[in-house]
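Sequence lines, in order, name chains S and X.
In terms of this note's numbering, the first sequence opens at residue 2 and continues consecutively.
In terms of this note's numbering, the second sequence opens at residue 43 and continues consecutively.
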Amino acid sequence: MPEHTFRLNGEQVTVDAADDERLLWVLRDVLGVTGPKYGCGINVCKACTSHLNGKAANPCAIPVGDLEATDEVTTIEGLADTVDADLHPMQQAWLDHDVVQCGYCQPGQIMAAVALVRRVAAEGREITDDDLDGIRNICRCGTYTRIRDAIRTGAERM
Amino acid sequence: MTGPNGRRRQAEPGRRRFLGYVLAAPTLVAAAELAPAPAAGARPASPDLTELLDLNDVMTAAALPTSGLITVEVQPDGTVSFALPRAEVGQGITTSTAMLIAEELALPPERVRVTLAEARPELLFNQLTGASNTTIATYTPIRVAAAVARHRLLAAAAAELGSPAAHLTLHDGTVRDRSGASVDIGTLAPKAAATRSEPVEVRLTAREDFKVIGRPHNRIDARDAVTGRKKFAMDLDVPGAKPTMVCRPPTINGKPGAVANLADVAAMPGVTDVVPIDTGVAVRAETFGQCVDAVRALRVDWLPGTAEGKSDQSVLRELAAAEPPMGLPPLTPHVEATFTFHFRSNSALEPNCAVADVRPDRAEVWSALKSPIVAKEAIAAKLGLPLGRVTVHIAQGGGSFGRKLFFDAALEAVEVSRRIGKPVKLMWHRADDSRQGRTHPMATSRVRADYAGGAVLGFKQRHTSVATDLGHGLGELFTAMAARLPVGDIGFSQTFFHLSQSMPYEFGLATRLLNETDKGFNTGSMRNVYSPDVTCARELIVDRLAAKMGKDPYTFRRDFLRDARSRAVLEKAAEAGDWGRQMPEGTAQGIAFHSEYKSVSAALVEIDCRPETVGRPIRDGVGGPRVIKAVFAVDVGLAVNPRGLEAQMMGCLMDGIALALTSSLHLREGHFLEASWDNYFYTRQWNTPPELQVIVMPDTSDEPGGAGELGVAASMAAVACAYGRATGTMPTVFPVNHGTLSFTPKPTVPPVPASPTDGLDHVR
């Protein structure tokens, strides 16, 4: 099987996998990185949301062969390492607002939130209700209100 | 003195005493019997069975004669461990349990390690997580065990420090005497351990002295969740357990016939095994991505299922034919309507899944299971193994909403593992979970209420439903208890219905009947069983009665509610939500009430049904009417963790919005059209109210009521009532958008969609 090299949570990794193996399964089944969750496999539930070069990406829809050796994949496990603290400010905001219920979607929610805040900051503006309405990540426990509150708090601290 | 189960001692002055145990062990192990007896003594006769005995009393009483022990262990490292015989699926019971133990042991809840107990058959009915019963059933026993531990620790400290126990204080895990000398509970644990098991009599911390219970506390498992460390069943690393999926039939419960290309698929990259099983054709591979490809490649002759040719329309006809008789219309003025509630999916975000390792003489299973004892028995029976050779580990659950009362994936996993002789990590594709998974059954509710002068004379509700499968232990519980209940010779669905449904209003002669039909569907509860539908229908009729009788919907409810506690939550919701304020045309408020699980609740919502809102563009989703504000008032008697209770009500509200406005399954030609989250429209951010206030009422009881499912009914009903007032037309079909198919159905063969390849195009 072909070898694929990319950066994962700050380290260079090389895996044997078919070109079209989706990154989600390379992470979970080959590398044992289980933070990104399966919720649909067709990029609609967003439970697997991670970062590709700092932006929100869904590994269930990315063939591993599409990655370059310099591409930086960050999963929830590597998020805190992108800041100089035990937790990323968004993770801390999640704790402060006691967002989590079952927790299954929350790694994806947090990664989506961080990417949203970065995108909005790059556009030089504040987060709006429309931005929050536009988040597509499903939470079947219905923690949406606390997610919105936590994102606003996390954004202030980022 | 002590009753048959040796818990409460009667006729003692002052605070009640309880009997617990200390068990022989190397460290301190304190124990109590699970489930205290319900309060004895006759209550006033009433037309409502729920006032004599409610669902939770039955569940609690059913556990009594054979309860096993639950144990609180104090470890030498100063932590306290407890294996909770329930499933944590997001409802926060590990946190509230840690709080109960922390209260009695004067510890920070963070020092209490709550794990989920393996299946313990000796607990019988006492390891079932459902009907919002966990806190009700465990509130006293857990505290008794912790109090026994406290008692032993103080006794050991007295010896250690040379001070009388009465001179000692226990705080933050340290015992101090009056001189300031101290010793940590970890040091004390082995010394407080018992060499022989014996009963210990304790008093519990009085409510007025609570320092942990009743104060908001964040979840103890949150840090693991936000760092990705929380492990769900599919995250477990069980040696040799490789990804496994099942190629499923195009119609509900179809059966596999011949497989045309089994050898070809078995030779696909990564595939280790392909094997027909009862429910389809299983594929095991190195990755789930390879499983998806193999499932899509299989060519299978499918045999008919259990709902062949059926559609929404044909099931509606079955329901109409099965409706219990309503009787002739009264001569007095009356209102009457029939409401339809379509099939809904109780899929959690974590799909059905289980890990299984079946050997010739034993089996081991890992799964999030809310009825693990029944699961264990069913697995043992399926494999022909003695019960003692089956181990069932309870994994953390990624949501349940009723789904994890069943163990469909665990049964499949053991079947595959046995057939191929290898461990498997079996997961349902989302499309499987949506199309072949459990659903909340379609139902109709016909309601008639008659009135004269200022009084409501009678209220009849006839609820007719596709059969709800309660065959996960709850059903057995009710069958076992039915003979002891004053309900006559009826089955457990009817028993459940009568026990869970109440009439909170003074509506004269009120009758409710349930009839069920058609067992061809995979059904189950869905964050409650009957209440959201039954309450929604009732509350819509209440609004109509109020209109006919010339009263405001809120005032009408307040005037007809039977007790002060119910009126208090309604008044609080109305006050906080500014009931009656002027709103633009096309928008409106709605208010509704629901009581269950010894708890009362009221919701007030504001909805925007203006065309520009309803038609707002949403990609691969539905907008529809938007709930723009919600106020929810709740009184659970005693709130152990108000912050967790608020979270549960928030989640219940999101479910209520979905049930009223957007979420349903469409049945066509024996299968459901919905195959994923872009078809099944559970509440999304764009459907949530930007303003939400949850009000936890001051405690009204010494005992906690249930909460996990409580808030769905009032939420759904309030949204429905608001929709009716905003549009001027009372909705009678739910969800209100069911008549419009808002997506293009995915194929049924192959049963799962291809994995997309365009992920890089959507990075943002």
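Every residue gets a Cβ at the ideal spot worked out from N, C-alpha and C, and that includes glycine.
Rounded to whole angstroms, how far is the Cβ of E427(X) from the Cβ of R404(X), which I believe are closer than 8 Å? Position 385 of the second sequence holds residue 427(X). Position 362 of the second sequence holds residue 404(X). According to the sequence shown, residue 427(X) is Leu rather than Glu. Confirmed, Cβ separation roughly 7 Å.
List, in chain order, every chain S residue whose beta-carbon is nearer than 7 Å to that of A267(X). Taking the first residue of the second sequence as position 1, residue 267(X) is located at position 225. Going along chain S in sequence order, the residues near A267(X) (Cβ under 7 Å) are V101, G104, Q107.
Nearest-angstrom Cα distance between G698(X) and H482(X)? For the purposes of this step, residue 698(X) is identified with residue 656 of the second sequence, where counting begins at 1. For the purposes of this step, residue 482(X) is identified with residue 440 of the second sequence, where counting begins at 1. Their Cα atoms are separated by approximately 14 Å.
Since I believe R386(X) is in contact with P582(X) (beta carbons under 8 Å), could you give me their beta-carbon distance rounded to a whole number of angstroms? Within the second sequence, the letter at position 540 stands for residue 582(X). Within the second sequence, the letter at position 344 stands for residue 386(X). For the record, residue 582(X) in the displayed sequence is Leu; it is not Pro. Actually they do not touch by this definition, with Cβ atoms about 18 Å apart.
Tell me whether T76(S) sits in a helix, a strand or coil according to DSSP, three-state version. Taking the first sequence and counting its residues from 1, the one referred to as residue 76(S) is at position 75. It is coil, neither helix nor strand.
For the alpha helix (DSSP H) holding G299(X), just list the boundary residues, first then last. Position 257 of the second sequence, counted from the start, is the residue given in the question as residue 299(X). Looking at the DSSP string, G299(X) is not in any alpha helix (DSSP H); the run it does join, the beta strand (DSSP E), is 297 to 301.
Rounded C-alpha distance that separates A140(X) from V325(X): Residue mapping note: residue 140(X) aligns to position 98 of the second sequence, counting from 1. Residue mapping note: residue 325(X) aligns to position 283 of the second sequence, counting from 1. Computed Cα separation, rounded: 41 Å.
Report yes if the C-beta distance between N388(X) and G331(X) is below 8 Å; otherwise report no. Here residue 388(X) is taken as the residue at index 346 of the second sequence, counted from 1. Here residue 331(X) is taken as the residue at index 289 of the second sequence, counted from 1. No, Cβ-Cβ distance for N388(X) and G331(X) is not below 8 Å.
Where do the N-terminal and C-terminal ends of the alpha helix (DSSP H) with P241(X) fall, by residue? Indexing the second sequence from 1 puts residue 241(X) at position 199. That residue, P241(X), is in no alpha helix (DSSP H); its beta strand (DSSP E) goes 240 to 245.
Taking the alpha-carbon of D97(S) as reference, which of R685(X), V584(X), P285(X) has the nearest alpha-carbon? To locate residue 97(S), count along the first sequence from 1; it is residue 96. If we check each option's Cα against that of D97(S), R685(X) comes out closest.
When the distance is taken between beta carbons, is L358(X) closer than 8 Å to T382(X)? Position 340 of the second sequence, counted from the first residue, corresponds to residue 382(X). Position 316 of the second sequence, counted from the first residue, corresponds to residue 358(X). Yes. Within cutoff.
Can you tell me the Cα-Cα spacing of R607(X) and P183(X), whole angstroms? Numbered from 1 along the second sequence, position 565 holds the residue referred to as residue 607(X). Numbered from 1 along the second sequence, position 141 holds the residue referred to as residue 183(X). C-alpha separation (whole angstroms): 27 Å.
Rounded to whole angstroms, what's the CA-CA distance from P241(X) to L61(X)? Just pull it up for me. Walking along the second sequence from the start, residue 241(X) turns up at place 199. Walking along the second sequence from the start, residue 61(X) turns up at place 19. Those two C-alpha atoms are separated by around 6 Å.
Output yes or no for whether 8 Å exceeds the beta carbon distance between E654(X) and T629(X). Along the second sequence, one-based indexing puts residue 654(X) at 612. Along the second sequence, one-based indexing puts residue 629(X) at 587. Not closer than 8 Å, so no.
Give me the DSSP bridge partner(s) of C395(X). Against the second sequence, residue 395(X) aligns to sequence position 353. M469(X).
CB-CB under 6 Å to A87(X), same chain, minus the five flanking residues each way: which ones, in chain order? In the second sequence, residue 87(X) corresponds to position 45, counting from 1. Unreliable placement is indicated for A87(X), whose pLDDT of 34 sits below 50; no coordinate value is reported for it.
If you run the structure through DSSP and keep just helix, strand and coil, what is H713(X)? Residue 713(X) sits at position 671 when you count from the first residue of the second sequence. Three-state result, H713(X): strand.
Does any CB atom of chain X fall closer than 8 Å to the CB of A57(S)? Indexing the first sequence from 1 puts residue 57(S) at position 56. Yes, A57(S) lies at the interface with chain X (some Cβ there is under 8 Å from its Cβ).
What is the residue span of the alpha helix (DSSP H) that I112(X) lies within? Your numbering for residue 112(X) matches position 70 in the second sequence. Taken as a continuous stretch (DSSP letters only), I112(X) belongs to no alpha helix (DSSP H), being part of the beta strand (DSSP E) at 111 to 116.
What is the rounded straight-line gap between the Cα of I319(X) and the Cα of A410(X)? For the purposes of this step, residue 319(X) is identified with residue 277 of the second sequence, where counting begins at 1. For the purposes of this step, residue 410(X) is identified with residue 368 of the second sequence, where counting begins at 1. C-alpha separation (whole angstroms): 22 Å.
How about the segment 14 to 29 of chain S and the segment 46 to 65 of chain S: do they share at least three Cβ pairs that are nearer than 8 Å? yes
Chain-order list of residues whose beta-carbon lies under 7 Å from that of L453(X) (same chain, five-residue window excluded): Taking the second sequence and counting its residues from 1, one reaches residue 453(X) at position 411. For L453(X), where only same-chain residues beyond five positions count, the Cβ hits under 7 Å are A420, I421, K424.
Compare the beta carbon distance of V31(S) and S51(S) with 8 Å and say whether it is the shorter of the two. Position 30 of the first sequence, counting from 1, holds the residue named residue 31(S). Position 50 of the first sequence, counting from 1, holds the residue named residue 51(S). Not in contact: V31(S) and S51(S) (Cβ atoms no closer than 8 Å).
Under 9 Å by beta carbon: chain X residues contacting D21(S): Numbered from 1 along the first sequence, position 20 holds the residue referred to as residue 21(S). Correct list: G331, D335, S797, T799.
Please list, in chain order, the chain X residues whose beta carbon lies closer than 9 Å to that of E78(S). If you number the first sequence from 1, residue 78(S) lands on position 77. Simply T269, G270, R271.
Does chain X have any CB closer than 8 Å to the CB of T35(S)? In the first sequence, counting from the first residue as 1, residue 35(S) sits at position 34. Judged by the 8 Å Cβ criterion, T35(S) is in contact with chain X.
Are three or more beta carbon pairs between the segment 76 to 96 of chain S and the segment 126 to 139 of chain S nearer than 8 Å? no
Measuring CB atoms only, is the segment 117 to 124 of chain S touching the segment 137 to 149 of chain S, in the sense that at least three cross pairs come out at less than 8 Å? no
Got a sec: is the Cβ-Cβ distance from V16(S) to anything in chain X below 8 Å? Taking the first sequence and counting its residues from 1, the one referred to as residue 16(S) is at position 15. Judged by the 8 Å Cβ criterion, V16(S) is not in contact with chain X.
Do V288(X) and E378(X) come within 8 Å of each other at the CB atom, strictly closer than that value? The residue you call residue 378(X) lines up with position 336 of the second sequence. The residue you call residue 288(X) lines up with position 246 of the second sequence. Contact flag unset, no.
Quick one: is G693(X) near chain S, going by C-beta distance under 8 Å? Here the question's residue 693(X) lines up with position 651 in the second sequence. Yes, its Cβ sits closer than 8 Å to a Cβ of chain S.
Is it the case that the Cβ atoms of E688(X) and V761(X) are separated by a distance below 8 Å? Position 646 of the second sequence, counted from the start, is the residue given in the question as residue 688(X). Position 719 of the second sequence, counted from the start, is the residue given in the question as residue 761(X). The answer is no: Cβ separation not under 8 Å.
So if I threshold CB-CB distances at 7 Å, which residues from the segment 112 to 131 of chain X count as touching chain S? V131
Test item: CB-CB of T553(X) and L361(X) under 8 Å: Numbered from 1 along the second sequence, position 511 holds the residue referred to as residue 553(X). Numbered from 1 along the second sequence, position 319 holds the residue referred to as residue 361(X). It is not a contact, given that the beta carbons lie outside the stated cut-off.
How far does the beta strand (DSSP E) with K284(X) in it reach, from first residue to last? In the second sequence, the residue the question calls residue 284(X) occupies position 242. That run of the beta strand (DSSP E) goes 284 to 289.
Rounded to the nearest angstrom, what separates R185(X) and A207(X) at their Cα positions? Working through the second sequence from its first residue, we reach residue 185(X) at position 143. Working through the second sequence from its first residue, we reach residue 207(X) at position 165. Roughly 20 Å separates the two Cα atoms.
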